[in-house]
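To keep things clear, I will list the structure first and then write my remarks on it.
There are 4 protein chains.
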Amino acid sequence: MRGGRTIERLQDEVRRFADARAWGEFHTPKNLAMALAVEAAELMEHFQWLTPGESAALPASRKREVAQEIADVLIYLVRLSDVLGIDPLSAAFAKLSVNARKYPVARARGSAVKYSRRGRGRHPL
Amino acid sequence: MRGGRTIERLQDEVRRFADARAWGEFHTPKNLAMALAVEAAELMEHFQWLTPGESAALPASRKREVAQEIADVLIYLVRLSDVLGIDPLSAAFAKLSVNARKYPVARARGSAVKYSRRGRGRHPL
Amino acid sequence: MRGGRTIERLQDEVRRFADARAWGEFHTPKNLAMALAVEAAELMEHFQWLTPGESAALPASRKREVAQEIADVLIYLVRLSDVLGIDPLSAAFAKLSVNARKYPVARARGSAVKYSRRGRGRHPL
Amino acid sequence: MRGGRTIERLQDEVRRFADARAWGEFHTPKNLAMALAVEAAELMEHFQWLTPGESAALPASRKREVAQEIADVLIYLVRLSDVLGIDPLSAAFAKLSVNARKYPVARARGSAVKYSRRGRGRHPL
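Chains as they are written, first to last, in the working numbering: chain A, 1 to 125; chain B, 126 to 250; chain C, 251 to 375; chain D, 376 to 500.
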């Protein structure tokens, strides 16, 4: 039954997990942001030598490994959010609204975003 | 009313957002994993020159910026999960169970993990 | 005249640059490793929405921006190496020898490396 | 004898290494930028749970592992530069000159840079 699985409950379980092991001292926002970036790189590593097409057709065994990296990223993200007192879902919904204004459907449709802040080819979303 | 805010609803809204702009062609797992890693680095960048203590006492204006980066990471994480057909919450709860077995409270309590795969000082969680 | 441009001279100039500004306190290996990862992500960001083919045919203006990101990565890499007392060139030549034994031409030729430590599709080099 | 070890020679050897294995098809700038970011994260991972002080006093065994990660970053950086036709040392010396104008000693001395592009606490260098 999936209903019981919420990001808030994950955040609570991760907090209890860390508290039980007295890891609070290691879980500064600085360290957790590093750990999150490391896990995001491990997730990306699965795709680095694949063609875009291959990346969209992973064998089941590889997909299971990718799922574990996605799990690590989410776990560190909710832990960092918890330590900072930030609600990640509220922040994400608010950001989506900002993006919706920033990239009106009419202008963005079907086209890669050419302009960007910092001159980089940044895609909205 | 926060109740309506779930990771599944965020995933649906992000999908609609991308579909409305016909960005599907850009959203290969390979590209989304890159975008996720880039956003994780932008989040980390806020902490790179801070002491651990400073990172735990952000001024309100900086915290608002950090919240937006957390939002970007979560948005790309749910989008990548959606494209791959992976349930990020199920994966995270499963990973927590694995970690609980891997790092029994008695052994892990209060101590940084010394051993690690790849010889790196990897912290569980 | 390019002859005078060596990685050792770059390392000396970066050290003088940091010393003149009394930035030594900020340049712990931990902080420099974070800064290096952030710059590597900024470099990667230029390629995140491009096809592999587009990434190999950058317009001149984009290539100039990429060159600046490559510069940032190299500057932080030589600074981190300097602070740690590691010779990056010696380390790189030593690593190439290790890789040459690890990936004999006969076996590696023309094929993406399938096996990997950590189950990820890791390419040698 | 260290004299023979230059970044140009490293670039030549890496090119021969990749050519001998016919890895050119994998070495698009997009893929190499990903691999570089992954290696930068592996380097950073060594420091993620250390205090700034611990990161400056690595045991010899850990320092050897860090040296290998520095090697991987440099190898991918010179390979990416080679594929793009960018001279990394020239780019780095040019960037240092830009930074010297941007952060005059008088203003930057002893103080962390407060302002930043993108509102992040960005350190010059």
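Note that beta-carbon positions come from the ideal geometry of N, C-alpha and C, so glycine has one too.
For this session: Spell out whether any CB of chain C is found under 9 angstroms from the CB atom of Thr51/A.
Result: yes
Exercise. Can you round the beta-carbon distance between His46/A and Glu65/A to whole angstroms, since I take them to be within the 8 angstroms contact cut?
Worked result: 7 angstroms
For this session: Could you give the DSSP three-state label for Gly206/A: helix, strand or coil?
Result: Residue 206/A is absent from the model: chain A starts at 1 and stops at 125.
For this session: Please confirm if Ala446/D has its CB atom under 9 angstroms from at least one CB of chain B.
Result: No - not a single Cβ of chain B is within 9 angstroms of the one on Ala446/D.
Exercise. If you measure from the beta carbon of Gly494/D to each beta carbon in chain B, is any gap under 9 angstroms?
Worked result: Confidence at Gly494/D is low in this model, with a pLDDT of 41, below 50, so the placement of that residue should be treated as unreliable; the coordinate-derived value is given next. Interface residue, yes.
Exercise. Nearest chain A C-beta to Ala272/C closer than 9 angstroms, yes or no?
Worked result: Cβ-Cβ to chain A under 9 angstroms: no for Ala272/C.
For this session: List in chain order: all unbroken alpha helix (DSSP H) runs of 4+ residues lying wholly within the region 258-325 of chain C.
Result: 279-295 and 302-305
Problem set entry | Endpoints, alpha helix (DSSP H) assigned at Arg357/C | Val355 to Ala358
For this session: Label Asp118/B either buried or exposed according to how many other C-beta atoms from any shown protein chain fall within 10 Å of its C-beta, with 16 as the threshold for buried.
Result: Given that chain B is displayed from residue 126 to residue 250, the structure contains no residue 118/B and the question cannot be resolved.
Exercise. Any idea what DSSP makes of Tyr240/B, helix, strand or coil?
Worked result: With a pLDDT of 38 at Tyr240/B, under the threshold of 50, the modelled position of that residue is not reliable, and the figure given next carries that caveat. If DSSP states are grouped into helix, strand and coil, Tyr240/B belongs with coil.
For this session: Pull up the distance between the alpha-carbon of Arg454/D and that of Glu39/A, whole angstroms please.
Result: 25 angstroms
For this session: Look at Pro338/C and Ala446/D and say whether their C-beta atoms are less than 9 angstroms apart.
Result: yes
Exercise. Is Ala41/A close to chain C, meaning its C-beta is less than 9 angstroms from at least one C-beta of that chain?
Worked result: yes
For this session: Please list, in chain order, all residues of the same chain as His277/C whose beta carbon is under 7 angstroms from its beta carbon, the five residues on each side excluded.
Result: Ala268, Arg329 and Val333
Problem set entry | Cβ-based burial, Ala410/D [other Cβ within 10 Å; buried from 16] | buried
Problem set entry | C-alpha gap between Ala173/B and Ser186/B, whole angstroms | Per the sequence shown, the amino acid found at residue 173/B is Gln instead of Ala. Taking the straight line from one Cα to the other gives about 17 angstroms.
Exercise. Going by the CB atoms, is the gap between Leu157/B and Tyr201/B shorter than 9 angstroms?
Worked result: yes
Exercise. If you run the structure through DSSP and keep just helix, strand and coil, what is Arg329/C?
Worked result: helix
Exercise. Which value, in whole angstroms, describes the spacing of the CA atoms of Thr51/A and Lys155/B?
Worked result: The straight-line gap from Cα to Cα measures roughly 8 angstroms.
Exercise. Is the shortest distance between the beta-carbon of Ala162/B and the beta-carbons of chain D less than 9 angstroms?
Worked result: yes
For this session: Could you tell me whether any Cβ in chain C is nearer than 9 angstroms to the Cβ of Arg484/D?
Result: Chain C contact via Cβ: present.
Exercise. Would you say Ser436/D faces chain C, with C-beta separation under 9 angstroms as the test?
Worked result: At least 9 angstroms separates the CB of Ser436/D from every CB of chain C.
Exercise. In chain A, what lies closer than 7 angstroms to Asn406/D by C-beta?
Worked result: Gln48 and Trp49
Exercise. If we ignore side chains and look at the alpha-carbon of each, how far apart do Ala339/D and Arg234/B end up?
Worked result: Past the edges of chain D, shown from 376 to 500, lies residue 339/D, and the structure says nothing about it.
Problem set entry | Beta carbon proximity, Arg226/B to chain A, threshold 9 angstroms | no
Exercise. CA-CA distance, Lys438/D and Trp273/C?
Worked result: 23 angstroms
For this session: State the DSSP-derived secondary structure class of Arg101/A, mapped to helix, strand or coil.
Result: helix
Exercise. What residues from chain A crowd round Phe401/D, counting only those whose CB sits closer than 8 angstroms?
Worked result: Trp49
Exercise. Leaving out five residues before and five after Gly303/C in sequence, what residues of the same chain have Cβ atoms less than 8 angstroms from its Cβ?
Worked result: none
For this session: Using a Cβ cut-off of 7 angstroms, pull out every chain A residue sitting near Glu420/D, in sequence order please.
Result: Val38
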